[in-house]
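Visitor:
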Amino acid sequence: MDILIGLLTGALGGAMVTAWSTNHINKRNQKIALLERKINNLYGPLSFLLLCTKTYIDNSNGLIEQHKTYFVPDKFSQLPETQLKIDAESTATLDLSNYYFEKAIDNIQMIFKLISDNYSLIDDAEDERLINNFVGMFIRLSVEYINPRVEIGEIPLEIQKNRGKMGTIANAFIENIIDKNKSLNDQLKILVNHKLCFLDCSNTRKD
Numbered sequence: 012m013d014i015l016i017g018l019l020t021g022a023l024g025g026a027m028v029t030a031w032s033t034n035h036i037n038k039r040n041q042k043i044a045l046l047e048r049k050i051n052n053l054y055g056p057l058s059f060l061l062l063c064t065k066t067y068i069d070n071s072n073g074l075i076e077q078h079k080t081y082f083v084p085d086k087f088s089q090l091p092e093t094q095l096k097i098d099a100e101s102t103a104t105l106d107l108s109n110y111y112f113e114k115a116i117d118n119i120q121m122i123f124k125l126i127s128d129n130y131s132l133i134d135d136a137e138d139e140r141l142i143n144n145f146v147g148m149f150i151r152l153s154v155e156y157i158n159p160r161v162e163i164g165e166i167p168l169e170i171q172k173n174r175g176k177m178g179t180i181a182n183a184f185i186e187n188i189i190d191k192n193k194s195l196n197d198q199l200k201i202l203v204n205h206k207l208c209f210l211d212c213s214n215t216r217k218d
């Protein structure tokens, strides 16, 4: 009887350990799958698009600032031929700035779609708040600068400089998303390494 009880107890204990182990592995696999979805479908692509957008906006703002510094009143000769040349250079500089900004707007449209398609993968309430602020902040830019009834070049330079203010505000959001993407990747590596270690230990015990 004692031997039978010992065998039953051992079998029950082994079954409980196996059930716990299986449940633990399943939960870990679910966490790994969710992290991979967040990284691959939202945070990874979002980080890349935001970095590109930031570069476009920085280049656009940089050209506007250079324009303001270089094309100052009374700096150049008032001769008609000189003024024609300066006007052409000024227009070309602003056109290049506007081109960079148009590329940023194109990226923002892709960012909107990416967020819309993967909104359920937003990691936490703080990220959701920042993303919603970002969307709201750039709705104005998207509407104003893709409006077919308005040419960007017709908007006064002083108003165009508002881009710089919004670009500065966006930097904090961009940095947060990049940091979160790194954090999620770090979490994923830890979970995968633990899983591999657990499987190795299990195989060793079987051997």
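Counting from 1 along the sequence shown, just add 11 to a position and that's the residue number in the working numbering. We put the CB at the ideal spot given by N, CA and C, even for glycine. Nothing here was measured: the structure is a model prediction, and the numbers come from that model.
#1: So what's SER58 in DSSP terms, helix, strand or just coil?
#2: Taking only three categories from DSSP, how would you classify LEU90?
#3: Using the C-alpha atoms, what's the distance from ALA115 back to CYS63?
#4: Does DSSP classify VAL203 as helix, strand or coil?
#5: Can you have a look at LEU74 and say buried or exposed, based on whether 16 or more other CB atoms are within 10 angstroms of its CB?
#6: Keeping to the same chain, check which residues put their C-beta closer than 8 Å to that of ASP134; ignore five residues upstream and five downstream.
#7: Could you tell me the alpha carbon to alpha carbon distance between GLN198 and ASN52, rounded to whole angstroms?
#8: Just how far apart, CA to CA, sit ILE119 and LEU90?
#9: Is it right to say ASN46 is buried, meaning 16 or more other beta carbons lie within 10 angstroms of its own, or is it exposed?
#10: Take the Cβ of LYS79 as the centre, count every other Cβ of all protein chains shown within 10 Å, and call the residue buried at 16 or more, exposed below.
#11: Can you tell me whether ILE142 is buried or exposed, with buried defined as 16 or more other CB within 10 angstroms of its CB?
#12: Out of curiosity, what's the CA-to-CA distance linking LEU61 and LYS38?
#13: If you reduce the DSSP assignment to three classes, tell me which class PHE82 lands in.
#14: Could you tell me the alpha carbon to alpha carbon distance between LYS42 and GLU137, rounded to whole angstroms?
#15: With burial defined as no fewer than 16 other Cβ atoms inside 10 Å of the residue's Cβ, what is the status of ASN204: buried or exposed?
#16: Per DSSP, what kind of secondary structure is ASN129 in: helix, strand or coil?
#17: Just to confirm my understanding: we take PHE184, look at its own chain, exclude 5 residues before and 5 after, and list those with CB closer than 6 Å. What are they?
#18: Tell me the DSSP secondary structure of ASP135 in three-state form.
#19: For SER101, which residues of its own chain have a beta-carbon under 6 Å away from its beta-carbon, when the five flanking residues on both sides are left out?
Guide: Here's the rundown:
#1: The sequence position of residue 58 within the sequence shown is 47, counting from 1. Shown here, SER58 sits in a helix according to DSSP, grouped into three states.
#2: Residue numbering aside, residue 90 sits at position 79 when the sequence shown is read from its first letter. Residue state, collapsed to three classes: coil.
#3: By 1-based counting over the sequence shown, the position of residue 63 is 52. By 1-based counting over the sequence shown, the position of residue 115 is 104. Roughly 8 Å separates the two Cα atoms.
#4: Start at 1 with the first residue of the sequence shown, and residue 203 comes out as number 192. Of the three classes helix, strand and coil, the one that applies to VAL203 here is helix, per DSSP.
#5: Within the sequence shown, residue 74 is the residue found at index 63, counting from 1. LEU74 is buried by the Cβ-count criterion.
#6: Position 123 of the sequence shown, counted from the first residue, corresponds to residue 134. So the list reads LYS49, TYR54, LYS191 and LEU195, once near-sequence residues are dropped.
#7: What you label residue 198 is simply residue 187 of the sequence shown in a count that begins at 1. What you label residue 52 is simply residue 41 of the sequence shown in a count that begins at 1. C-alpha separation (whole angstroms): 16 Å.
#8: Walking along the sequence shown from the start, residue 119 turns up at place 108. Walking along the sequence shown from the start, residue 90 turns up at place 79. Those two C-alpha atoms are separated by around 43 Å.
#9: As a working mapping, residue 46 is identified with position 35 in the sequence shown. Checking the displayed sequence, the identity of residue 46 turns out to be Leu instead of Asn. The residue in question, LEU46, is buried, as its Cβ has 16 or more Cβ neighbours within 10 Å.
#10: Position 68 of the sequence shown holds residue 79. With fewer than 16 Cβ atoms within 10 Å of its Cβ, LYS79 is classed as exposed.
#11: Here residue 142 refers to the residue found at position 131 when the sequence shown is read from its first residue. Classification of ILE142: buried, given that the 10 Å Cβ count is 16 or more.
#12: Position 50 of the sequence shown, counted from the start, is the residue given in the question as residue 61. Position 27 of the sequence shown, counted from the start, is the residue given in the question as residue 38. Each residue's alpha carbon lies about 32 Å from the other.
#13: Working through the sequence shown from its first residue, we reach residue 82 at position 71. Correct three-state label for PHE82: coil.
#14: Counting from one through the sequence shown, the residue named residue 42 turns up at place 31. Counting from one through the sequence shown, the residue named residue 137 turns up at place 126. Distance between the alpha carbons of LYS42 and GLU137: 20 Å.
#15: Residue mapping note: residue 204 aligns to position 193 of the sequence shown, counting from 1. ASN204 is exposed by the Cβ-count criterion.
#16: One-based indexing of the sequence shown puts residue 129 at position 118. Reduced to three states, the DSSP call for ASN129 is coil.
#17: The residue labelled residue 184 in the question sits at position 173 within the sequence shown. Here the set comprises LEU141 and PHE145.
#18: Along the sequence shown, one-based indexing puts residue 135 at 124. DSSP, reduced to helix, strand and coil, places ASP135 outside both helices and strands of the structure shown, so it counts as coil.
#19: Within the sequence shown, residue 101 is the residue found at index 90, counting from 1. Result list for SER101: PHE82, in chain order.
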